[in-house]
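Peer 1:
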RNA sequence: CCGGGUGUAGCGCAGUUGGUAGCGCGCUUGCUUUGGGAGCAAGAUGCCGGGAGUUCGAGUCUCCCCACUCGGACCA
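In my numbering, the protein residues as written are 111 to 590.
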C-alpha cells in the first residue's frame, strides 16, 4: 500500500515541499499546457483550452444579458495611436512587441502588437459616437494580447495570453461608474458561483492602478500558498481618454460633451488561480461548473459480458441530462484510470462493474474529499447533480476557510512583518493614503497593497506605517 | 534583467581519463489479466537543446546563443 501510494504521487511534487514546482508539475501532467520554442509563449492543450472555453461561454452569456456586444478590432496599434494618452503609453510601451517590417519592406511607423486595446477602441468610438443617442456603447472583445514579460509561468504570466476586454462609453459619469462596479460584481459572482473561489472586492491604490485609469477596481484571490492573485479588474477612466482622442457627442442640451469610459477584463490567468486554489497533491481539482469532464465513467471488469453496454447506458442518460461525461474503456487498469482522472481533476468518478450491475447500483467518488458511496442507478441524474453541487460548495467552503484563516488585522508595520514571515496571507491595516508608506511596506516587509476593500473595518485611527491619521483599511499581501 | 540549478528516446534518469549511447517506465504486437497506476514474451524509438571552436576523434573540454526551472527585480 505504501509502495502504491508513493508511486501515485511520484509524478507530482508535493505542494508542501515546493509549491511552485507542484504548480508547474500539475500544469504539465494534467495536460493543460505545453511549451513552445519561444519563452513565455505557451500552447493551450485541449484539456486546458476546454476549461477556457467553459469560462468563456458562461461569462459571455453574462455580458450579453447585460447588453454587451462582441466586436473584434485589429491586432496592431500604430505607435502614434498608442502615444495619444500619456500615462497609458508610459505603462505599456516598455513591454510591447513591435512590428517593424511589412513583407520585406521596413514600415514607416512601427506597430505595437496590442498589449490591451483602449486606444483602438477610442479611435473607433471617435468615429461612431456623435450623439447622446449613440450611447451607451457596450463592447467586448475576446482575443489574445502580447506583453513582453521578462519571466513567465504557465497561465500566471504569459507573453501571449487569452482574455476578454470590455470597453464601454457612457453619457454620464454616474453611468460609467455604475458600469465599472457592475462588471466587477459580475466577476466576483463568477468567481464564487462558478469557480468556487471567494474574492476580496476593492479599489486599487493610485500606485497599483491601471495606467490611464482614474480608478481601478479588483477582485483579489488567495492561493493555497497564501499568496495573492489579482483575479480580474474593472477600470473607470472618466473622460481622460475621450479628451485625448477627441471623442465628443451632442447632448440633449445641444452642447458637445466627452463621454465617460470603462474597461474591464479577465484572462486565462484565472485557470492558474483555479489550480492554486483547489489543487492538491494528487493533482488538479476542477470546480464542477467549468470542468471539461464533470463525470468520468470507469467500467470495471469491462471484458465481461454486458459491462460496457451498462456503462454506455449510464453515460447516455447523464449526457441527456446535460452533464459533460466521458467513459474510459481503454485497456488501462481501473487503478490506472482512477489516478489519471484524479490528476486531471475530474470532479466525480463513477465506477460500474458486474457486482454493481447485479444490485442496480454504481460507485460514486468525489474528487474533492475522496468520499466514496454506493448509489442506486435509478435517479442517477439527480444524484449526480446533487453531488456536483456538493463538490462546488465543498470547494468554496474550503477556499473560504483558507482566506479567512489567513487574513488578520495588524496595528503596526512590525506586526505585519512578523505575521507575514510566520504564515503569509493577507494583512489588514489602517493606512494614511500616502504612497511613501506603500513603498516602505514593500521595502521592509515585501508586501504590496492588494486593495482598499469595499467592506471597510475601522481597526484604529492611525496608519500602521507612519502613525498619521488613517484614511482607509488596506489589505496587503505577496502577489503573483 | 540579476543570481542558482537543468537540457541525453514520449517521461524520469545514468553515461568513468574524450573513442561514436544505455537503464527504468511508457509505446507497438500477442497472450493472460481487470474494484487503486497488472504479468509474461517479442519488438520499435536518438542531429545527446542550437552554433562555433580545440582534437585524429566531443554527450564529455572551451566560447556564444536558446529554452526550462527555483529565487529576486520588474510587471497588467
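Here a beta-carbon is modelled for each residue, glycine too, at the ideal position from N, C-alpha and C.
#1: Have a look at residue 364 and residue 242 and give me their C-alpha separation to the nearest angstrom.
#2: Buried or exposed for residue 90, please, with buried defined as at least 16 other CB atoms from any protein chain shown within 10 angstroms of its CB.
#3: Let me check you understand the geometry: is the CB of residue 318 closer than 7 Å to at least one non-hydrogen atom of the ligand NAP?
#4: For a test of the three-state rule: what should DSSP assign to residue 329, helix, strand or coil?
#5: For residue 603, count neighbouring Cβ atoms within 10 angstroms of its own Cβ and tell me buried if that reaches 16, exposed if not.
#6: Using alpha carbons as the reference points, say which of 203, 250, 200, 281 lies closest to residue 239.
#7: On the three-state DSSP scale, how would you describe residue 494?
#8: Ignore the nearest five residues each way along the sequence and tell me which others in residue 259's own chain have a CB closer than 6 Å to its CB.
#9: Nearest-angstrom Cα distance between residue 422 and residue 429?
#10: Helix, strand or coil for residue 373 per DSSP?
#11: Out of 425, 347, 433, which has the shortest C-alpha to C-alpha gap to residue 409?
#12: If you draw a straight line from the alpha carbon of residue 119 to that of residue 447, how long is it in whole angstroms?
#13: CB residue 459 to CB residue 395, shorter than 8 Å?
#14: DSSP three-state call for residue 464: helix, strand or coil?
#15: Helix, strand or coil for residue 529, going by three-state DSSP, please let me know.
#16: Assuming residue 204 contacts residue 210 (C-beta within less than 8 Å), just tell me the rounded distance between them.
#17: On the premise that residue 533 lies in contact with residue 336, defined as a C-beta separation below 8 Å, what is that separation, rounded to the nearest angstrom?
#18: Use the C-beta contact count for residue 175: other C-beta atoms within 10 angstroms, 16 or more gives buried, fewer gives exposed.
#19: Counting C-beta neighbours from all protein chains within 10 Å, is the total for residue 580 16 or more, i.e. buried, or is it exposed?
#20: With distances taken from CA atoms, which of 391, 588, 276 is nearest residue 127?
#21: Just to confirm my understanding: we take residue 122, look at its own chain, exclude 5 residues before and 5 after, and list those with CB closer than 8 Å. What are they?
#22: Considering only residues of the same chain and omitting the five flanking positions on each side of residue 451, which have a CB-CB separation below 7 Å?
#23: In three-state DSSP terms, what is residue 189?
#24: Note the first and the last residue of the continuous beta strand (DSSP E) segment covering residue 277.
#25: Locate the alpha helix (DSSP H) running through residue 169, then write down its first and last residues.
#26: Could you spell out where the alpha helix (DSSP H) holding residue 295 opens and where it closes?
#27: In angstroms with no decimal places, state the Cα-to-Cα distance between residue 160 and residue 402.
#28: Would residue 444 and residue 404 qualify as a contact pair, given that the criterion is a beta-carbon distance under 8 Å?
#29: Please report the distance separating the alpha-carbon of residue 535 from that of residue 222.
#30: So, for residue 173: in the same chain, excluding its five sequence neighbours on each side, which residues have a beta-carbon less than 6 Å away from its beta-carbon?
#31: Measure the C-alpha to C-alpha separation of residue 343 and residue 244 and round it to an integer number of angstroms.
#32: Going by CA-CA distance only, name the one from 411, 514, 564 that's closest to residue 463.
#33: Can you name the start and end residues of the beta strand (DSSP E) that residue 347 belongs to?
Peer 2: On the basis of the supplied data:
#1: 10 Å
#2: This structure does not reach residue 90, given that the chain is present from 111 up to 590, and the question cannot be answered.
#3: No copy of the ligand NAP occurs in the structure displayed, which carries no ligand at all.
#4: strand
#5: Here the chain comprises residues numbered 111 to 590, so residue 603 is not present and cannot be evaluated.
#6: 281
#7: helix
#8: 150, 267, 269
#9: 10 Å
#10: strand
#11: 425
#12: Its pLDDT being 36, under 50, residue 119 is placed unreliably in this model, and the value from its coordinates should be taken loosely. Rounded to the nearest angstrom, the two C-alpha atoms are 14 Å apart.
#13: no
#14: helix
#15: helix
#16: The Cβ separation is near 17 Å, so there is no contact.
#17: 7 Å
#18: exposed
#19: buried
#20: 391
#21: 132, 135, 136, 139, 391, 392, 393, 453
#22: 406, 459
#23: helix
#24: 270 to 280
#25: 156 to 175
#26: 283 to 303
#27: 6 Å
#28: no
#29: 37 Å
#30: 250
#31: 26 Å
#32: 411
#33: 338 to 348
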